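Peer 1: A single structure is presented below for examination.
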Amino acid sequence: MVNDAQIDLPPNSNIDERTDETINVNRTIKILEYKGLLWTCALREICLTALWLPLGALVFCYVTASIFQADDIHETHCKVYNVVPSISAITGISPQRYIWRICIAYHLGPRLLIGSLYYNYHKQRTSHITEEKAQVLAAKLGEACYWLNLLELFALTGVTYVSNRENYFIHEKIFILFMVAALLHMLCRARVGCISSDTVEPVRTNKLVWILFYIAIAATTGLVIFFLRHRLLCRPLAFTWFSVCEYILATTNMAFHAIVVRDLPLHQIQVVCPTHHKTN
Numbered sequence: 001m002v003n004d005a006q007i008d009l010p011p012n013s014n015i016d017e018r019t020d021e022t023i024n025v026n027r028t029i030k031i032l033e034y035k036g037l038l039w040t041c042a043l044r045e046i047c048l049t050a051l052w053l054p055l056g057a058l059v060f061c062y063v064t065a066s067i068f069q070a071d072d073i074h075e076t077h078c079k080v081y082n083v084v085p086s087i088s089a090i091t092g093i094s095p096q097r098y099i100w101r102i103c104i105a106y107h108l109g110p111r112l113l114i115g116s117l118y119y120n121y122h123k124q125r126t127s128h129i130t131e132e133k134a135q136v137l138a139a140k141l142g143e144a145c146y147w148l149n150l151l152e153l154f155a156l157t158g159v160t161y162v163s164n165r166e167n168y169f170i171h172e173k174i175f176i177l178f179m180v181a182a183l184l185h186m187l188c189r190a191r192v193g194c195i196s197s198d199t200v201e202p203v204r205t206n207k208l209v210w211i212l213f214y215i216a217i218a219a220t221t222g223l224v225i226f227f228l229r230h231r232l233l234c235r236p237l238a239f240t241w242f243s244v245c246e247y248i249l250a251t252t253n254m255a256f257h258a259i260v261v262r263d264l265p266l267h268q269i270q271v272v273c274p275t276h277h278k279t280n
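Its first residue numbered 1, the sequence shown is counted upward by one per residue in this note's numbering.
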């Protein structure tokens, strides 16, 4: 008998042929070059999404909290009769707090984008102002709008993620910062739209900004008065009127940030591959 180990394979076996065929296969790899416009979205859609996220979350929190957790949201510091809960009350309980925080987090990106767009918008408009003093003032107000928008966003994030139930002292101070930044932002935006409007095309929504600013000032004044009446004097329904003023202030703030769709109605956000590459 012949041992299996002594059997020699033929030199031109099928195994070698298959290996050679695998190695010698010529593959054609197609290299894709992504050129031109890859993605586009109307600025109007992005801005309206940034508006509807917090507005929808606010309505959802108010309705669900009023139906299922009325006792929790109507409880006040002085234990007096209350009808309308505050925004902090309806967004500080569970599970509404999670819906509110998620929507605020998702709307921060578009809000930052809108702030940058307005900065460039005012910068371009300022470059056409002929009077030197007016041009310098408009440039400073445009920069102030940008930084106040950032401060307002950071304060809104702080108010959202530090609820009054968790840390009332910090929540209150951040809320005051948010109100001040929001009002100053409105004022600077309204003022920069008025500068040299006789020589440069006026901002389309400047009158609307002034109206929203005056409404916000009136709501803030009422908010402070009714808060003091509730906190110091424990007047019945004082906290209700405080909450009404708070909702008015929130609505005017949302409307103020949504008017970009009227200032820049036809603009789009695009992702485009550059035709020329940078060379060192």
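Even for Gly, the Cβ is constructed at its ideal location relative to N, Cα and C.
Since the model is a prediction, treat every value here as computed from it, not as a measurement.
Could you compute how far the alpha carbon of residue 45 sits from the alpha carbon of residue 258?
Peer 2: In the sequence shown, counting from the first residue as 1, residue 45 sits at position 45. In the sequence shown, counting from the first residue as 1, residue 258 sits at position 258. The straight-line gap from Cα to Cα measures roughly 11 Å.
Peer 1: Considering only DSSP beta bridges, list what residue 269 is partnered with.
Peer 2: Looking up residue 269 in the sequence shown gives position 269. According to DSSP, residue 269 bridges with 41.
Peer 1: Mind checking residue 81: buried by the 16 CB within 10 Å criterion, or exposed?
Peer 2: Taking the first residue of the sequence shown as 1, we reach residue 81 at position 81. Label assigned to residue 81: exposed.
Peer 1: Going by the DSSP bridge assignment, what does residue 115 pair with across the sheet?
Peer 2: The sequence position of residue 115 within the sequence shown is 115, counting from 1. DSSP output for residue 115 lists no bridge partner at all.
Peer 1: Where does residue 36 sit, in a helix, a strand or coil, going by DSSP?
Peer 2: Residue 36 sits at position 36 when you count from the first residue of the sequence shown. In this structure, residue 36 counts as strand in the three-state DSSP scheme.
Peer 1: Just confirm the distance between the C-beta atoms of residue 256 and residue 186, as a whole number of angstroms; I'd bet it's less than 8 Å.
Peer 2: Taking the first residue of the sequence shown as position 1, residue 256 is located at position 256. Taking the first residue of the sequence shown as position 1, residue 186 is located at position 186. Rounded, the Cβ-Cβ distance is 6 Å, consistent with contact.
Peer 1: Out of curiosity, what's the CA-to-CA distance linking residue 274 and residue 249?
Peer 2: For the purposes of this step, residue 274 is taken as residue 274 along the sequence shown, with counting starting at 1. For the purposes of this step, residue 249 is taken as residue 249 along the sequence shown, with counting starting at 1. Rounded to whole angstroms, residue 274 to residue 249 spans 44 Å at the Cα level.
Peer 1: Express the C-alpha separation of residue 174 and residue 167 in angstroms, rounding to a whole number.
Peer 2: Position 167 of the sequence shown, counted from the first residue, corresponds to residue 167. Position 174 of the sequence shown, counted from the first residue, corresponds to residue 174. The alpha-carbon atoms of residue 167 and residue 174 are separated by roughly 11 Å.
Peer 1: Have a look at residue 247 and residue 135 and give me their C-alpha separation to the nearest angstrom.
Peer 2: Here the question's residue 247 lines up with position 247 in the sequence shown. Here the question's residue 135 lines up with position 135 in the sequence shown. Those two C-alpha atoms are separated by around 37 Å.
Peer 1: Where residue 149 and residue 265 are concerned, what is the direct C-alpha to C-alpha distance, given to the nearest angstrom?
Peer 2: The sequence position of residue 149 within the sequence shown is 149, counting from 1. The sequence position of residue 265 within the sequence shown is 265, counting from 1. Going from the Cα of residue 149 to the Cα of residue 265 covers about 21 Å.
Peer 1: Which word fits residue 100, buried or exposed, when buried means at least 16 other C-beta atoms lie within 10 angstroms of its C-beta?
Peer 2: Counting from 1 along the sequence shown, the entry for residue 100 is found at position 100. Buried, by the Cβ-count rule.
Peer 1: Classify residue 143 as helix, strand or coil using the three-state DSSP reduction.
Peer 2: Walking along the sequence shown from the start, residue 143 turns up at place 143. Residue 143: helix per DSSP, three-state reduction.
Peer 1: Determine whether the Cβ of residue 168 lies closer than 8 Å to any Cβ atom of chain C.
Peer 2: No chain C appears in this structure, which consists of one protein chain only.
Peer 1: Check whether the Cβ atoms of residue 126 and residue 139 lie closer than 8 Å to each other.
Peer 2: Mapped onto the sequence shown, residue 126 falls at position 126. Mapped onto the sequence shown, residue 139 falls at position 139. Result yes, Cβ atoms of residue 126 and residue 139 sit closer than 8 Å.
Peer 1: Rounded to the nearest angstrom, what separates residue 68 and residue 237 at their Cα positions?
Peer 2: The residue labelled residue 68 in the question sits at position 68 within the sequence shown. The residue labelled residue 237 in the question sits at position 237 within the sequence shown. Cα to Cα, the separation comes out at about 22 Å.
Peer 1: Among 73, 84 and 113, which has the Cα closest to the Cα of residue 50?
Peer 2: Within the sequence shown, residue 50 is the residue found at index 50, counting from 1. Comparing Cα-Cα distances from residue 50 to each of 73, 84 and 113, the minimum goes to 113.
Peer 1: Using the rule of at least 16 other Cβ atoms within 10 Å of the residue's Cβ for burial, across every protein chain shown, is residue 145 buried or exposed?
Peer 2: Stepping through the sequence shown from its first residue, residue 145 is reached at position 145. Flag for residue 145 reads buried.
Peer 1: Indicate whether residue 59 and residue 240 have their beta-carbon atoms separated by less than 8 Å.
Peer 2: Within the sequence shown, numbered from 1, the residue matching residue 59 stands at position 59. Within the sequence shown, numbered from 1, the residue matching residue 240 stands at position 240. Going by beta carbons, residue 59 and residue 240 fall outside the 8 Å limit.
Peer 1: With the cut-off set at 8 Å, would you say residue 212 and residue 178 are in Cβ contact?
Peer 2: On the sequence shown, residue 212 is found 212 positions in, with the first residue counted as 1. On the sequence shown, residue 178 is found 178 positions in, with the first residue counted as 1. Not a contact, by the Cβ cut-off of 8 Å.
Peer 1: Among the candidates 92, 192 and 151, whose CA atom is the shortest distance from the CA of residue 133?
Peer 2: On the sequence shown, position 133 is the one that residue 133 refers to. Closest option to residue 133, judged by alpha-carbon separation, among 92, 192 and 151: 192.
Peer 1: Does the separation of the CB atoms of residue 91 and residue 269 fall below 8 Å?
Peer 2: Here residue 91 is taken as the residue at index 91 of the sequence shown, counted from 1. Here residue 269 is taken as the residue at index 269 of the sequence shown, counted from 1. Contact flag unset, no.
Peer 1: Among 66, 79 and 111, whose alpha-carbon lies nearest the alpha-carbon of residue 87?
Peer 2: Taking the sequence shown and counting its residues from 1, the one referred to as residue 87 is at position 87. When only C-alpha atoms are compared, the closest one is 66.
Peer 1: Span of the alpha helix (DSSP H) holding residue 244?
Peer 2: Stepping through the sequence shown from its first residue, residue 244 is reached at position 244. Start and end: 238 to 258.
Peer 1: Do you know how far the Cα of residue 189 is from the Cα of residue 97?
Peer 2: Reading the sequence shown from its first residue, position 97 is the one you call residue 97. Reading the sequence shown from its first residue, position 189 is the one you call residue 189. Going by the C-alpha atoms only, they are around 31 Å apart.
Peer 1: To the nearest angstrom, how far is the alpha carbon of residue 143 from that of residue 235?
Peer 2: Here residue 143 is taken as the residue at index 143 of the sequence shown, counted from 1. Here residue 235 is taken as the residue at index 235 of the sequence shown, counted from 1. About 43 Å.
Peer 1: Following the continuous alpha helix (DSSP H) through residue 73, name the residue where it begins and the one where it ends.
Peer 2: As a working note, residue 73 is residue 73 in the sequence shown. 70 to 73 is the span of the alpha helix (DSSP H), which, as asked, contains residue 73.
Peer 1: Assuming contact is defined by CB atoms lying nearer than 8 Å, are residue 267 and residue 43 in contact in what I supplied?
Peer 2: For the purposes of this step, residue 267 is taken as the residue at position 267 of the sequence shown. For the purposes of this step, residue 43 is taken as the residue at position 43 of the sequence shown. For residue 267 and residue 43, yes; Cβs fall inside 8 Å.
Peer 1: Which same chain residues, not among the five before or five after residue 107, have their C-beta less than 7 Å away from its C-beta?
Peer 2: Position 107 of the sequence shown holds residue 107. The answer, listed in chain order, is 50, 53 and 54.
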